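*Asks:* Here it is, the structure, as structure tokens.
Residue numbers (my numbering): -18 to 50.
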């Protein structure tokens, strides 16, 4: 029996992140889900969100609702 094919996940950072910076999140599309991880901990936990939940999160980020003041 041949081994199951491995899923290749392509992570991407925001174009707003610093070129050498690791202080951001990375996102990957998984079809029915969006995966999110901390760029400083590539082997750490991954949060999976529905595309709808990811869109809602991004909308609130753009309003500044989560900015630290």
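Backbone N, C-alpha and C fix where the C-beta goes; we use that ideal spot for every residue, glycine too.
Just so it is clear, the structure is predicted and the values come from calculations on it, not from any experiment.
Where residue 88 and residue 7 are concerned, what is the direct C-alpha to C-alpha distance, given to the nearest angstrom?
*Replies:* Summary: the structure shown does not reach residue 88, with the chain confined to residues -18 through 50, and so no result is reported for it.
*Asks:* Can you tell me which of the three DSSP states residue 6 falls into?
*Replies:* Taking the chain shown and counting its residues from 1, one reaches residue 6 at position 25. The three-state secondary structure of residue 6, taken from DSSP, is strand.
*Asks:* In whole angstroms, give me the CA-to-CA distance for residue 28 and residue 48.
*Replies:* On the chain shown, position 47 is the one that residue 28 refers to. On the chain shown, position 67 is the one that residue 48 refers to. Computed Cα separation, rounded: 20 Å.
*Asks:* Apart from the five residues just before and just after residue -9, which ones in its own chain have a Cβ nearer than 7 Å to its Cβ?
*Replies:* Here the question's residue -9 lines up with position 10 in the chain shown. Scanning its chain for C-beta atoms nearer than 7 Å, with the 5 sequence neighbours on each side dropped, one finds around residue -9 the residues 9, in chain order.
*Asks:* Could you tell me the alpha carbon to alpha carbon distance between residue -2 and residue -18, rounded to whole angstroms?
*Replies:* Locating residue -2 in the chain shown gives position 17, where the first residue counts as 1. Locating residue -18 in the chain shown gives position 1, where the first residue counts as 1. Their Cα atoms are separated by approximately 44 Å.
*Asks:* For residue 17, list the residues DSSP reports as bridge partners.
*Replies:* Working through the chain shown from its first residue, we reach residue 17 at position 36. Answer is 8, 28, bridged to residue 17.
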